[in-house]
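S.K.:
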Ligand code: HEM
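Residue numbers (our numbering): 1257 to 1477.
(1) I want to check one thing, is the minimum distance from the CB of residue 1355 to the heavy atoms of ligand 1 below 7 Å?
(2) For residue 1422, which of 1355, 1400 and 1473 has the nearest alpha-carbon?
(3) In terms of DSSP beta bridges, what is residue 1371 paired with?
(4) If you drop the 5 nearest sequence neighbours on each side, which residues of the same chain put their C-beta closer than 6 Å to that of residue 1393?
(5) Between residue 1310 and ligand 1, is the CB less than 7 Å from at least one heavy atom?
(6) Going by the beta-carbon positions, is the gap between residue 1329 and residue 1277 smaller than 8 Å?
(7) Determine the burial state of residue 1473: buried for a count of at least 16 other Cβ atoms within 10 Å of its Cβ, exposed for fewer.
(8) Using a Cβ-Cβ cut-off of 8 Å (strictly less than) and excluding sequence neighbours within five positions of residue 1456, which residues of its own chain qualify?
(9) Output yes or no for whether 8 Å exceeds the beta carbon distance between residue 1463 and residue 1285.
(10) If you follow the alpha helix (DSSP H) that residue 1394 is in, where does it begin and where does it stop?
(11) Among residues of its own chain, excluding the 5 on either side of residue 1453, which ones have a beta-carbon nearer than 6 Å to its beta-carbon?
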């Protein structure tokens, strides 16, 4: 574990755990698009996820581990960087950096809080205990009615749209930073990796934001 104490080791861990989460978020966004297939589309998709419970739980365990390790390592790196430069620059100009890069630790913490609230709402049904008993005409868990009930409330719709903006900010820098952390960029590839990362971040944001928007405005019923 000595390599973990180095900043390079921590960056590597950030890259690997970040990659796992980006793959999850992509799969989750694509799966969520089945909401456009109405109740039958989303409920059938959710049912498929539950066909092999040990696999589902192994996957959830891996993602929970990646989530916790990513946040702890990110905060440790941030504190290390701050300790290395206790006195801020007198005239700090961030010519070569972006708002997304500067706010990584804060957007990361906000996303962590979002995921906890999101799990409490849709997985643990902590705010609406009755959702746990929703069943559709085919006897499946009625995820569609649950999501529609949640996102037709303006406060929850705004909460999800806000979370997607934070996700976009985090990934605009995060995806290309993952390639750097794993030592996969050089002068020739940096530009295309940077653009590719931003493109994936935008695709994710558009895919996610469509769900609260279309449900809230009654386009999907
Ligand atoms: C904005 C649109 C989103 C919608 C409508 C949505 C919907 C859902 C629903 C319905 C579930 C429960 C699935 C089930 O029990 O069958 C779920 C689980 C989850 N979501 Fe989302 N989600 C959204 C965005 C996100 C984002 C942006 C993230 C991560 C940054 C995320 C992370 C998770 C996680 C970690 C789970 C738990 C997965 C599991 O139970 O194994 N979601 N989501």
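In this text, a Cβ means the ideal position worked out from N, Cα and C, and glycines have one as well.
M.R.: In short, the structure shows the following:
(1) no
(2) 1355
(3) The partner list for residue 1371 (beta bridge, DSSP) is empty, contrary to what the question assumes.
(4) none
(5) no
(6) no
(7) exposed
(8) 1278, 1282, 1427 and 1431
(9) yes
(10) Unbroken run through residue 1394: none, as it is neither H nor E.
(11) 1431 and 1432
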